[in-house]
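Undergrad: These protein sequence lines are chains U, X, A and H, in that order.
One point on numbering: in numbering that gives the first Met the number 0, the residue at position 24 of the first sequence is 23, and numbering is uninterrupted.
One point on numbering: in numbering that gives the first Met the number 0, the residue at position 361 of the second sequence is 360, and numbering is uninterrupted.
One point on numbering: in numbering that gives the first Met the number 0, the residue at position 310 of the third sequence is 309, and numbering is uninterrupted.
One point on numbering: in numbering that gives the first Met the number 0, the residue at position 199 of the fourth sequence is 198, and numbering is uninterrupted.
I have a structure I would like to understand better, so I am pasting it below and will then ask my questions one at a time.
Number of protein chains: 4
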Amino acid sequence: MSDTKIGLWLVGAWGGVATTVAVGLAALQEGLTPEFGLVSALPKFQELDLIDWDQLVIGGHEIRDLSYGQAASQLNGRSGVFSTELLDAIASRLAVFDDNVRPGTLINVGKTISSLAGRRTKSLDKERPVAAIERISTDLNEFRERHELDHVIVMNLASTEPSLDDKVGSLSWQELSKKLENARTSPLPASSIYAVAAMLSECSYVNFTPSSGSNLPVLEELALQQGVLHYGRDGKTGETLMKSVLAPMFANRNLKVLSWVGHNIFGNLDGKVLDDPVNKANKVRSKDHLLTEILGYKPQTLVSIEYIESMGDWKTAWDHIHFQGFLNTKMMLQFTWQGCDSLLAAPLVLDLVRFTEREWRQGKSGLMTHLASFFKSPMGTVVPEFGRQFQLLEAWANGVIDGKNV
Amino acid sequence: MSDTKIGLWLVGAWGGVATTVAVGLAALQEGLTPEFGLVSALPKFQELDLIDWDQLVIGGHEIRDLSYGQAASQLNGRSGVFSTELLDAIASRLAVFDDNVRPGTLINVGKTISSLAGRRTKSLDKERPVAAIERISTDLNEFRERHELDHVIVMNLASTEPSLDDKVGSLSWQELSKKLENARTSPLPASSIYAVAAMLSECSYVNFTPSSGSNLPVLEELALQQGVLHYGRDGKTGETLMKSVLAPMFANRNLKVLSWVGHNIFGNLDGKVLDDPVNKANKVRSKDHLLTEILGYKPQTLVSIEYIESMGDWKTAWDHIHFQGFLNTKMMLQFTWQGCDSLLAAPLVLDLVRFTEREWRQGKSGLMTHLASFFKSPMGTVVPEFGRQFQLLEAWANGVIDGKNV
Amino acid sequence: MSDTKIGLWLVGAWGGVATTVAVGLAALQEGLTPEFGLVSALPKFQELDLIDWDQLVIGGHEIRDLSYGQAASQLNGRSGVFSTELLDAIASRLAVFDDNVRPGTLINVGKTISSLAGRRTKSLDKERPVAAIERISTDLNEFRERHELDHVIVMNLASTEPSLDDKVGSLSWQELSKKLENARTSPLPASSIYAVAAMLSECSYVNFTPSSGSNLPVLEELALQQGVLHYGRDGKTGETLMKSVLAPMFANRNLKVLSWVGHNIFGNLDGKVLDDPVNKANKVRSKDHLLTEILGYKPQTLVSIEYIESMGDWKTAWDHIHFQGFLNTKMMLQFTWQGCDSLLAAPLVLDLVRFTEREWRQGKSGLMTHLASFFKSPMGTVVPEFGRQFQLLEAWANGVIDGKNV
Amino acid sequence: MSDTKIGLWLVGAWGGVATTVAVGLAALQEGLTPEFGLVSALPKFQELDLIDWDQLVIGGHEIRDLSYGQAASQLNGRSGVFSTELLDAIASRLAVFDDNVRPGTLINVGKTISSLAGRRTKSLDKERPVAAIERISTDLNEFRERHELDHVIVMNLASTEPSLDDKVGSLSWQELSKKLENARTSPLPASSIYAVAAMLSECSYVNFTPSSGSNLPVLEELALQQGVLHYGRDGKTGETLMKSVLAPMFANRNLKVLSWVGHNIFGNLDGKVLDDPVNKANKVRSKDHLLTEILGYKPQTLVSIEYIESMGDWKTAWDHIHFQGFLNTKMMLQFTWQGCDSLLAAPLVLDLVRFTEREWRQGKSGLMTHLASFFKSPMGTVVPEFGRQFQLLEAWANGVIDGKNV
């Protein structure tokens, strides 16, 4: 693995998660932090021969005018997660990453996200879909060439976009690309535009958000045609992770879940965007389908996500699970999860890049269902339990290792 | 299965769990309650052709003078778990079970438990070990004959006994039986005396408590020699179940558990017995080893069990888990489990009887590691995660069904 | 006090709170229950010489067709709060109360409440406001005469009605009564129609709900003119009680409350009615103003009330309080309140009747600000702290006792 | 007030609370932090004309070899409570305070505390009681003179010492001082030795810990004789503050508290010292008497304090309150308090100095019962409710202001 170089292209490059990815990667490259929170650092994955931290370079798209230094400093001010010493020690690495950030697109991101746009992005306001795709592709190609990268993996970390009426249905890629050529308004949401551009540039694409991304039949076709990998959706970091861990217990013990109430409060930018109901609907849907899949019936559920400014990046979830046991006795489980959202998500982004690169190195393309454990709504699989999803990852790793040793 | 009849012999027959087993079985036999809480009632186990509720008869040993009617009424008064209507409807069934209850033994149960003994048991105070074993065996044989039972399964549900210095070490059964013959004071705790008596009477033995039971090399030898099944220890119903479900999540996500504090409060008789430090030590040990096994390192842990009278049978556990994620960030998970202990345990006892009978029907003897998911300290296995333990049960069931269908 | 007889007239007579009032009063009259939960039973109020339980008779208005027996049995089925033995022992007393229940009015109660109406009430659907007032007055007078009551106290326990645009403003009673005479649609909500009818019949009126009731200048005028007492609004039983107890601590310690999030889940009829946003708005307002009054500034607040059917009458509130201390350090307090709503409210209703009767016995009329501690939005006072409100009650009691002893 | 200068002498000068006092005072003097958490900064106390921050100078006794810079940096490393920027900005002020710190005494502090002693203090190991008193007095006098202070207030912030058999009983000061003169082993614990020395040097003395301090009849005599003020014991910052706020609610609502369980976990030095049972007993006693005083009966209570290293200075308390309401219904309140102990305590120390100085300025001596709200076990008062205690402070302030304005 010694000379491969991989680009990690972050959509939403100066957002909370992406900034933490950049800070974390820089800290790992400097040897300034242990590898807690990184799944790929578990002993059981050591034989996979995954890429090292210094084989990774960060770039990305962003609609705001900012920098990693500023974003990290804001995040720290609100949530107290980085030490000033650390930020000082990695400042020059962050500056290098900053140079790779290009203006994003506002196509179909909704009013709330649009209102955050900075000068650089606003000037591209009238861009047609096809022009946006070309521009994004150019940025990716230029990034790959300038840094002499073997492969680029595009990771969607942008705030949740409103869900779009399906305007592309079962179109083939040929039909869609024709349609795009002439369109003034895009039949695709922003996340899918990035996915198209990524695939056309022969980059892999991973969607860490509930937005559509590559989750359309036509993009699965395109991925296979282009020989790239893709996967998603919606990183599973907190309350939903807990659900996918706890619900199997109730199912296996035949304890009937009567109701599952989950309230989430937090105060970062994602929370502000989710305060807009059209953005929130997309997110709530992604958090709610799981229980029915695991339990085999639908208990009464409630998921609320509320923007509470003082919380900063610290997401606190209170869940109340009411269940019925033997002789109809009703019992309760409550939990409170107090996690720092960006710090939970960022290491998973780095894991996904390493695992995706490993699969790419094997010459594979299309969906990566062995990554299901990382997502709230994993594509192409019907395994909803976290434990079984993780076994898919272990099985894949064993397969790769065996193949390597043949 | 139509004409098999199975005896369920409860040690601690009028205790909270056993009383709930009796009430629950009677209610199931009358068709007055659904099967929530019963693992064996899950659709995935239907093809196993497990015995029906009316194929079971209850008997047992008990040191107090009581009856199911009285015990159920006390439990209800303290914890409000049964309806008066239900207790009325099953009164005659409970009376039949009462007729099968015989005085237990006080050998090595410790001062706190001894102090609870009623007149019937006290009169047996000076009984030698070998006499106790013979008496218990006679009770079991008489029960089997009188009810024309095909097999009897002895289930230890008695309060936790103090742990005993190991006095039998690696003795063979031949050596131990010689030693027992002459002993005035028993080298075995009460739970093992019941286990010996059960095995000698060709009954299977399951230990739902942290007491020693059949967990001695010499008893494993005896079980195989007698062709009976046995398993244990310590039913996994609440906080420890949660640990075995949650800890794998931290392990798989490489989140370092810094400390795991668990406080348990409840007010039933078991709680009162555990207020005696010699009894409690045994229990705490059983709740605490798990985390190290799952995580692969030992976080700071604290397990407290406190008798709070007003709680009755409602066990409330508060757990505080402090963990370290990416970039050393410390985060917290807290949960409060509010479960009715007897109502959580009782259905598992019925499950264990059904699964044990199924294995006995196949002609097997010795340990039943596929039952690991039911226990805090499962014997003969190194799988501590609940999810994987449950997969052992599923795999066993698939094997039995496949065998049946050949 | 030996021969006074007082009528307690419940609006929403067969609802959860009112049914618990009736069950509780009957149980107290039979000597079947201790006096926990009753403020008026505290030693410090013994010298007040309050009326005894058997001096009270219950009647009321209700829009559904039901009975106390049925209502109590439903409440018990959903929430397990009464024992069957108790309900049997007081059945005949409940039947007597049932005979005093008359059909309520649907004027301005909103669609959700209207949909619950039974046959008796539906037949009065087209009733004009003035006719409703007359009918209600007749019911009250007839109740007083038939039971030879010295005084009748009307207590509003009906589900929260939608808030009405203020259509009466600063009208005098003369102007309003003229307006009412000709009106087809009522300028008053249902709760105020009951208040008017009560006052015209020389009954006192207490409003245990967030509905308008007597909280209009014109009704304060009418109360004084008629020489009756009145007070409200919105019984303070759970989460808001906690707020009025905890917020002064933060204020007195100069700890800045950054945000106070409160989520309430429960599954009784009130909850169902509050699931209608127009009804809920009224309730949330009543729960939310308090913090600003106590703290002197407005932290970010969130109050949600959600109908979760499985919870029955057990209201669970989770509150998360985020506060800033010395050197800007952010800290947290969370609480979970698990209370049975009707059981918390019912004794306060009985307290209010006893305290109101005592004031009536003194010949007073108008507002009773010494009862502020019982209400979320106490009328005519600016003391929001529970502790200080309770001191008003103590001071009043001392005054009454001193007066008596003069 | 413009030219008064007051010394704040901290016993346990480099401990967590004292270090936070020093950091906080320096930050206030520099105008770098708002006054949250400071009771004395409330608008209602503005007319008291309390001393300004820059009129205070810090000195103290300490048994370890350390400095404010080091202690603050350790505290920050473990608990993340100060910003590096702040510590840099106040470094020179902290250095000045460091110059005023002298070696403490190890007399009767117990084994656990003794084991923490540094070189400076160890060298004083054999010091006789009377020599210790003289040395401490000399330190205080020298501090006063060097800084030209008008008054010095000694504040005990040292870790909880083991409780001592009462060896001084009802001795008069004359008898005790004679006894001390010859004693090789002290009849007084360390905290009382400091109190004696303070009083002899005409300093006021406030005891923020559960140790004995000035809580002996003979020291009350001495205080009056010397014309100094004194008060204590045990600052009320977290769980006990909550108890003194919540218990009155249960009392006033006649809700019977069945059990009150409180578990405290934290990982600072105080916690480590409290891990020694002889030290812990003193603390638990101080936390537990309150409920009986407020409720008027003794519910089952449990208070545990556990040292969990990972928690650092963040004390988390889980309290479970089980109570019985109307018709015997059992309900629950649980709370989790997540507070940073030193940050909660430090501002109260500064408040106590300001309020004590104000009383000293009035020429008073003896106990200061108006400071009851600051303490778990306030001396000389029987008012246990926080609300009423706070009203004592308000009444005192009003009295002082009125006196001033006469």
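Beta carbons are placed, not taken as given, at the ideal position from N, Cα and C, and that holds for glycine.
Please report how far the alpha carbon of residue 42 of chain X lies from the alpha carbon of residue 260 of chain A, in whole angstroms.
TA: Here residue 42 of chain X refers to the residue found at position 43 of the second sequence. Here residue 260 of chain A refers to the residue found at position 261 of the third sequence. Going from the Cα of residue 42 of chain X to the Cα of residue 260 of chain A covers about 41 Å.
Undergrad: How would you list, in chain order, the residues of chain U whose beta-carbon sits under 9 Å from the beta-carbon of residue 19 of chain H?
TA: The count along the fourth sequence starts at 1 and reaches residue 19 of chain H at position 20. Chain U residues near residue 19 of chain H: none, gap ~17 Å exceeds 9 Å.
Undergrad: Return the CA-CA distance between residue 32 of chain X and residue 326 of chain U, expressed in angstroms with no decimal places.
TA: Working through the second sequence from its first residue, we reach residue 32 of chain X at position 33. Working through the first sequence from its first residue, we reach residue 326 of chain U at position 327. So the two alpha carbons sit approximately 6 Å from each other.
Undergrad: Would you say the beta carbon of residue 216 of chain H comes nearer than 7 Å to a heavy atom of the ligand NAP?
TA: In the structure shown, the ligand NAP is absent, as is every other ligand, since no ligand is present at all.
Undergrad: If you draw a straight line from the alpha carbon of residue 99 of chain X to that of residue 57 of chain X, how long is it in whole angstroms?
TA: What you label residue 99 of chain X is simply residue 100 of the second sequence in a count that begins at 1. What you label residue 57 of chain X is simply residue 58 of the second sequence in a count that begins at 1. Using only the alpha carbons, I get a separation of about 7 Å.
Undergrad: Here's the rule: buried if 16 or more other CB atoms are within 10 angstroms of the residue's CB, otherwise exposed. What is residue 210 of chain X?
TA: Sequence index remark: in the second sequence, residue 210 of chain X carries index 211 (1-based). Its Cβ being crowded by 16 or more others within 10 Å, residue 210 of chain X is buried.
Undergrad: If contacts are defined as beta-carbon pairs under 8 Å, then residue 323 of chain A and residue 329 of chain A qualify, I think. What distance do you get, rounded to the angstrom?
TA: Start at 1 with the first residue of the third sequence, and residue 323 of chain A comes out as number 324. Start at 1 with the first residue of the third sequence, and residue 329 of chain A comes out as number 330. Rounded, the Cβ-Cβ distance is 6 Å, consistent with contact.
Undergrad: In the DSSP assignment, the alpha helix (DSSP H) including residue 361 of chain A goes from what residue to what residue?
TA: Residue mapping note: residue 361 of chain A aligns to position 362 of the third sequence, counting from 1. Careful: residue 361 of chain A lies outside any alpha helix (DSSP H) and carries neither H nor E.
Undergrad: Cβ of residue 345 of chain X less than 8 Å from any chain U Cβ?
TA: The residue given as residue 345 of chain X occupies position 346 in the second sequence. Residue 345 of chain X counts as touching chain U.
Undergrad: Which same chain residues end up closer than 7 Å to residue 395 of chain X when comparing Cβ atoms and leaving out the 5 residues on each side of it in sequence?
TA: Start at 1 with the first residue of the second sequence, and residue 395 of chain X comes out as number 396. So the qualifying residues of the chain are 369.
Undergrad: Note down, in chain order, each residue of its chain lying with its Cβ closer than 6 Å to the Cβ of residue 283 of chain H, except the 5 sequence neighbours on either side.
TA: In the fourth sequence, counting from the first residue as 1, residue 283 of chain H sits at position 284. So the list reads 302, once near-sequence residues are dropped.
Undergrad: Could you tell me whether the Cβ of residue 319 of chain A comes closer than 8 Å to any Cβ of chain U?
TA: Here residue 319 of chain A is taken as the residue at index 320 of the third sequence, counted from 1. Output row for residue 319 of chain A: interface = yes.
Undergrad: Taking only the alpha-carbon atoms, compute the straight-line gap between residue 390 of chain X and residue 292 of chain U and give it to the nearest angstrom.
TA: The residue given as residue 390 of chain X occupies position 391 in the second sequence. The residue given as residue 292 of chain U occupies position 293 in the first sequence. Each residue's alpha carbon lies about 18 Å from the other.
Undergrad: Hey, quick one: how far does the beta strand (DSSP E) through residue 316 of chain A stretch, first residue to last?
TA: Locating residue 316 of chain A in the third sequence gives position 317, where the first residue counts as 1. Here the beta strand (DSSP E) through residue 316 of chain A covers 313-323.
Undergrad: Are any of the Cβ atoms in chain U nearer than 8 Å to that of residue 335 of chain A?
TA: In the third sequence, counting from the first residue as 1, residue 335 of chain A sits at position 336. Yes - at least one Cβ of chain U is within 8 Å of the one on residue 335 of chain A.
Undergrad: Between the C-alpha atoms of residue 82 of chain A and residue 346 of chain A, what's the straight-line distance to the nearest angstrom?
TA: Along the third sequence, one-based indexing puts residue 82 of chain A at 83. Along the third sequence, one-based indexing puts residue 346 of chain A at 347. Each residue's Cα considered, the two are about 18 Å apart.
Undergrad: Count the other CB atoms, across all protein chains shown, that sit within 10 Å of the CB of residue 61 of chain X; report buried if there are 16 or more and exposed otherwise.
TA: The count along the second sequence starts at 1 and reaches residue 61 of chain X at position 62. Classification for residue 61 of chain X: buried.
Undergrad: Tell me which residue opens and which closes the alpha helix (DSSP H) that residue 50 of chain X is part of.
TA: Stepping through the second sequence from its first residue, residue 50 of chain X is reached at position 51. No alpha helix (DSSP H) holds residue 50 of chain X; DSSP gives it neither H nor E.
Undergrad: Measuring straight from C-alpha to C-alpha, what distance separates residue 101 of chain H and residue 218 of chain H?
TA: Your numbering for residue 101 of chain H matches position 102 in the fourth sequence. Your numbering for residue 218 of chain H matches position 219 in the fourth sequence. Between residue 101 of chain H and residue 218 of chain H, the C-alpha separation is close to 24 Å.
Undergrad: Helix, strand or coil for residue 259 of chain X? Go by DSSP, reduced to three states.
TA: In the second sequence, residue 259 of chain X corresponds to position 260, counting from 1. Strand at residue 259 of chain X.
Undergrad: Whose CA, out of X:29, X:174 and X:4, lies closest to the CA of residue 55 of chain X?
TA: Within the second sequence, the letter at position 56 stands for residue 55 of chain X. The shortest Cα separation from residue 55 of chain X among X:29, X:174 and X:4 belongs to X:4.
Undergrad: Which residues, in order along the stretch 64-84 of chain H, keep a beta-carbon less than 8 Å from a beta-carbon of chain U?
TA: From the stretch 64-84 of chain H, only 79, 82, 83 and 84 have a Cβ closer than 8 Å to chain U.
Undergrad: To which residues does DSSP link residue 407 of chain A through a beta bridge?
TA: The structure shown has nothing for residue 407 of chain A, since chain A only spans 0 to 405.
Undergrad: Could you give the DSSP three-state label for residue 252 of chain H: helix, strand or coil?
TA: As a working mapping, residue 252 of chain H is identified with position 253 in the fourth sequence. Note: residue 252 of chain H maps to coil in three-state DSSP.
Undergrad: Please tell me whether residue 308 of chain U has its Cβ less than 8 Å away from any Cβ of chain A.
TA: Your numbering for residue 308 of chain U matches position 309 in the first sequence. Chain A contact via Cβ: present.
Undergrad: Pull the bridge partners of residue 60 of chain X from the DSSP assignment, please.
TA: Looking up residue 60 of chain X in the second sequence gives position 61. X:10 and X:101.
Undergrad: Determine the closest residue to residue 256 of chain X out of X:320, X:354 and X:162, with distance taken between C-alpha atoms.
TA: As a first step, residue 256 of chain X is located in the second sequence; it is residue number 257 there, counting from the start. With distances taken between Cα atoms, residue 256 of chain X lies closest to X:320.
Undergrad: Label residue 235 of chain X either buried or exposed according to how many other C-beta atoms from any shown protein chain fall within 10 Å of its C-beta, with 16 as the threshold for buried.
TA: Your numbering for residue 235 of chain X matches position 236 in the second sequence. Residue 235 of chain X is buried by the Cβ-count criterion.
Undergrad: Strictly below 7 Å CB to CB, what residues from chain H border residue 299 of chain X?
TA: Translated into the one-based positions of the second sequence, residue 299 of chain X becomes position 300. Neighbours of residue 299 of chain X on chain H, chain order: 307, 308 and 309.
Undergrad: Below 8 Å between beta carbons: does that hold for residue 273 of chain A and residue 304 of chain A?
TA: Here residue 273 of chain A corresponds to residue number 274 of the third sequence, with the count starting at 1. Here residue 304 of chain A corresponds to residue number 305 of the third sequence, with the count starting at 1. Contact: yes.
Undergrad: Pick out whichever of H:371, H:14 and H:401 has its Cα sitting closest to the Cα of residue 73 of chain H.
TA: Stepping through the fourth sequence from its first residue, residue 73 of chain H is reached at position 74. Cα-wise, what sits closest to residue 73 of chain H is H:14.
Undergrad: Determine, for residue 260 of chain X, whether the minimum Cβ-Cβ distance to residues of chain H falls below 8 Å.
TA: Within the second sequence, numbered from 1, the residue matching residue 260 of chain X stands at position 261. Closer than 8 Å: yes.
Undergrad: Among U:276, U:246 and U:116, which has the Cα closest to the Cα of residue 297 of chain U?
TA: Within the first sequence, the letter at position 298 stands for residue 297 of chain U. Measuring from the Cα of residue 297 of chain U, the nearest candidate turns out to be U:246.
Undergrad: Mind listing the chain X neighbours of residue 264 of chain H? Cutoff is C-beta to C-beta under 7 Å, in chain order.
TA: By 1-based counting over the fourth sequence, the position of residue 264 of chain H is 265. Here the neighbours are 260 and 319.
Undergrad: Need the endpoints of the alpha helix (DSSP H) that residue 83 of chain U sits in, please.
TA: Along the first sequence, read from residue 1 onward, the residue named residue 83 of chain U stands at position 84. Residues 83-88.
Undergrad: Pick from H:289, H:20 and H:220: whose alpha carbon is nearest that of residue 96 of chain H?
TA: Counting from one through the fourth sequence, the residue named residue 96 of chain H turns up at place 97. Looking at the Cα atoms, H:20 is the closest of the given residues.
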